[in-house]
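Numbering (my numbering), first residue to last: 100 to 242.
Glycine is no exception: its CB is placed at the ideal position from the N, C-alpha and C atoms.
See structure below.
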Ligand code: THU
């Protein structure tokens, strides 16, 4: 992805991170999911006293988009760090989020794992989830 576009998507992820609800881990994550139509859906992690209902930033962004009828995506930017700390490590999506994204994007989704707007790794969902299980596996007659 072109640098200016990456910067903009990462900036949106940082903005979303400010809304993270993290009274338990204090680890704040923001994600910005770029739809093929150019719209950007953002998400933050939302924790819960019951712990298990916690939703990651990536799935918040994905579910916001899908629930508004948008199901085609080209890229996602992800940023995460402890509250009040700057990013020293990249935050890579958890296995559940990789699987959730794979359902809609397959391996082609571009993934930006960012420490800052200019310091990021660009990879793909296929690299993060090789041999992913997806909708094609459930087709009676595979295409
Ligand atoms: N988390 C995310 O939102 N996305 C990731 O990619 C990794 C982990 C959240 C879940 C939990 O609220 C906190 O980070 C610590 O695991």
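Exercise for the section: With DSSP as the reference, label residue 189 as helix, strand or coil. Expected result: Reduced to three states, the DSSP call for residue 189 is coil.
Problem - Backbone secondary structure at residue 148 - three-state DSSP - result: Coil.
Exercise for the section: Name the residue from 167, 123, 222 and 136 whose alpha carbon lies nearest to the alpha carbon of residue 176. Expected result: Closest by C-alpha distance to residue 176, out of 167, 123, 222 and 136, is 222.
Problem - Heavy atom of the ligand ADP within 7 angstroms of residue 121 beta-carbon - result: The model depicted lacks the ligand ADP and carries the ligand THU instead.
Exercise for the section: Kindly indicate if chain D contains any beta-carbon less than 8 angstroms away from that of residue 155. Expected result: Absent from the structure is chain D; it holds one protein chain and no more.
Practice task
For residue 219, count neighbouring C-beta atoms within 10 Å of its own C-beta (all shown protein chains included) and say buried if the count is 16 or more, exposed if not.
Solution key: The residue in question, residue 219, is buried, as its Cβ has 16 or more Cβ neighbours within 10 Å.
Practice task
Give a yes or no on contact between the segment 179 to 194 and the segment 145 to 154, applying the rule of three or more CB pairs nearer than 8 angstroms.
Solution key: Segment contact: the segment 179 to 194 against the segment 145 to 154, fewer than three CB-CB distances shorter than 8 angstroms; contact not assigned.
Handout entry: Residues near residue 234 by beta carbon distance below 8 angstroms, same chain, minus five either side
Key = Closer than 8 angstroms at the Cβ level, and outside the excluded window around residue 234, lie 202.
Problem - Proximal residues to residue 106 (C-beta, below 8 angstroms), its chain only, five neighbours per side dropped - result: Only 216 and 217 meet the Cβ criterion.
Exercise for the section: Would you list the residues whose beta-carbon is nearer than 7 angstroms to any heavy atom of the ligand THU, in the order they occur in the chain? Expected result: Qualifying residues come out as 121, 124, 126, 128, 144, 146, 153, 155, 156, 157, 177, 179, 190, 191, 192, 193 and 196.
Exercise for the section: Can you say whether residue 137 is buried or exposed, counting buried as having 16 or more other CB atoms within 10 angstroms of its CB? Expected result: Exposed, since its Cβ has fewer than 16 Cβ neighbours within 10 Å.
Practice task
Check the C-beta distance from residue 200 over to residue 157 and give it rounded, since I have them as a contact under 8 angstroms.
Solution key: Contact check for residue 200 and residue 157: beta-carbon distance about 7 angstroms, within the 8 angstroms limit, so the pair qualifies.
Exercise for the section: Could you check if residue 240 is buried or exposed, using at least 16 other CB atoms within 10 Å of its CB as the buried criterion? Expected result: Counting other Cβ atoms within 10 Å of its Cβ, residue 240 stays below 16 and is therefore classed as exposed.
Practice task
Grab me the residues of residue 125's own chain with a C-beta within less than 7 angstroms of its C-beta, minus the 5 sequence neighbours each way, in chain order.
Solution key: Excluding sequence neighbours, residue 125 sits near 181 and 182.
Practice task
Output the distance between the C-alpha atoms of residue 142 and residue 238, rounded to the nearest integer angstrom.
Solution key: Put simply, the backbone Cα of residue 142 is about 31 angstroms away from that of residue 238.
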